[in-house]
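Residue numbers (the working numbering): 0 to 197.
Following this line, the structure appears as structure tokens:
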């Protein structure tokens, strides 16, 4: 038997080769810094109206930013940057806890694709479903289940896995397991503005 395993990274070129060595002056606005870091990694900023960015303060003093640009960006926004490669161009979204990706990422999952009954595991709802390649982290998903209708609602995807056998010689089932965040029923759909500073 031959088994192939793949490890994939989004924005790999920017992660490996993107490097910054720049000092930003005191009073530089957070959005300017974030935009500069995205440009240095050849990434496009997906949203500039994030509530998280709005809460950030300008620099108090001249500050150097040195290192791998993705690492520097994540450090600067305390891990709130999400890199999405599911569309035509890699984009960086700065998301607060209640933020989800724009409406075009929205999905509805119902009994036609759900396998078994959704289950609660710690702080997540776990759904097994037919293979669903459109899932991306931090998107909103609407759950409609007749067997567990008490779970029905809109959730935020915080993780997922795909598994199955893809072979011309052996038939096999492919399925997806998604983890949905419990706790927030209302989300802010971020506005896509192509990174234009406001």
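In this text, a Cβ means the ideal position worked out from N, Cα and C, and glycines have one as well.
Treat the numbers as computed from the prediction; the structure is a model and nothing was measured.
Discussion item. Taking 6 Å as the limit between beta carbons, can you name the residues of its chain near residue 160, skipping five residues before and five after?
Written reply: Non-local beta-carbon contacts of residue 160 in its own chain, meaning distances under 6 Å to residues more than five positions away in sequence, involve 176 in chain order.
Discussion item. For the beta strand (DSSP E) containing residue 20, name the first residue and the last one.
Written reply: Residue 20 -> beta strand (DSSP E) spans 18 to 23.
Discussion item. Using a Cβ-Cβ cutoff of less than 6 Å, which residues in the same chain neighbour residue 24 once the five nearest sequence positions on both sides are dropped?
Written reply: Closer than 6 Å at the Cβ level, and outside the excluded window around residue 24, lie 61.
Discussion item. Please report the distance separating the alpha-carbon of residue 191 from that of residue 64.
Written reply: Looking at the two C-alpha atoms, the distance is approximately 26 Å.
Practice prompt. Please state whether DSSP places residue 154 in a helix, a strand or coil.
Written response: Strand.
Fill in: Proximal residues to residue 164 (C-beta, below 8 Å), its chain only, five neighbours per side dropped
Contacts found: 170, 171, 172 and 173.
Discussion item. Could you tell me which whole alpha helix (DSSP H) segments of length 4 or greater appear in the stretch 162 to 187?
Written reply: None, since the stretch 162 to 187 contains no complete alpha helix (DSSP H) of that length.
Item to complete: Report the option in 18, 95 and 106 whose CA atom is closest to the CA atom of residue 66.
Response: Of the candidates 18, 95 and 106, the one whose C-alpha sits nearest the C-alpha of residue 66 is 18.
Worksheet item: Can you pull the DSSP bridge partners for residue 123?
Response: Under the DSSP definition of a beta bridge, residue 123 partners with 120 and 180.
Worksheet item: Which of the three DSSP states, helix, strand or coil, is assigned to residue 1?
Response: In the structure shown, the three-state DSSP call for residue 1 is coil.
Fill in: Under the three-state DSSP convention, the category residue 29 falls into
Helix at residue 29.
Fill in: Sequence-distant residues of the same chain with beta carbon closer than 7 Å to residue 93, five excluded per side
Around residue 93: 33, 46, 49, 51, 52, 76, 79 and 80.
Item to complete: Give me the Cα-Cα distance between residue 158 and residue 178, rounded to the nearest whole angstrom.
Response: The alpha-carbon atoms of residue 158 and residue 178 are separated by roughly 5 Å.
Worksheet entry | CB-CB length for residue 107 against residue 143, believed under 8 Å | Sure, about 6 Å apart at Cβ, within 8 Å.
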